[in-house]
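Scroll down for the structure; my scribbles are underneath it.
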Amino acid sequence: MNRRQWMAAGVGATAAAVGAGVAWWRLKPEAPVDGAVDAFWASEFAGVNGERVRVSGFRGKPLLVNFWATWCPPCVEELPLLNLFHREHAGRGWQVLGLAVDQAAPVARFLQRAPLTFPVALAGFAGTEMSRSLGNVSGALPFSVVFGADGRVRHRKLGKLSGDELAQWSQID
């Protein structure tokens, strides 16, 4: 490789690093807004089958909340991983709640094809604002929040989760 190619490669690598840094800075979750955590715990949603899902009923044990939608490919891709996490950690008190930022009919059709062992509630498009208040400044999906048994936010992640992240998060409480 000649000097010109080395310089071009260096400039390209620098630009990529700067771009990644700017994206991380712009998309990284922020602290929840004042009152958002209390508002979350006071929330109530319609379940997929019409039942009421009261978030307060999840208090007292670690809770992973996942904001997702049927029209979001990374959301759909991570649901089997969340389902596995739920099955493997429920015995240790872990809970998972899926909040669909979607409409009832597509969610019901999706769950018929790909059943989940954890509860799913319908946050609708208002779920986007709830996720923003919990630190998802862009309002993008998927967005996950981990609450400790004490009800406080412990972790937040914008984007598709990995098994390694879930393993690290499972060490709380």
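For the sequence shown, my numbering begins at 54 and goes up steadily by one. Ideal Cβ placement from N, Cα and C applies to all residues, glycine included.
Scanning the segment 69–149 for uninterrupted alpha helix (DSSP H) segments of 4 residues or longer gives 89–94 and 126–142, listed from N- to C-terminal end.
Secondary structure at residue 209: strand, using DSSP grouped into helix, strand and coil.
The C-alpha of residue 128 is placed about 14 Å away from the C-alpha of residue 184. Exposure of residue 141 is indicated by the presence of fewer than 16 other C-beta atoms within 10 angstroms of its C-beta. Between the alpha carbons of residue 191 and residue 112 lies a distance of about 27 Å. Along the segment 177–209, the beta strand (DSSP E) occurs as fully enclosed runs of 3 or more residues at 196–200, listed in sequence order. With a cutoff of 9 Å on beta-carbon distance, residue 115 and residue 187 are scored as not near each other.
Between residue 122 and residue 211, the C-beta spacing is not below 9 Å. Beta-bridge partners assigned by DSSP to residue 216: none are found. Residue 156 has its alpha-carbon roughly 24 Å from the corresponding atom of residue 209. By DSSP's assignment, residue 158 forms no beta bridge with any residue. DSSP links residue 153 through a beta bridge to 121 and 175. In the three-state reduction of the DSSP assignment, residue 164 falls in the helix class, which pools H, G and I. Contact between residue 161 and residue 106 is ruled out by a C-beta separation of about 15 Å, above the 8 Å threshold. The closest CA to that of residue 96, considering only 145, 175, 144 and 87, is found on 175. Residue 137 counts as exposed, since fewer than 16 other C-beta atoms from the protein chains shown sit within 10 angstroms of its C-beta.
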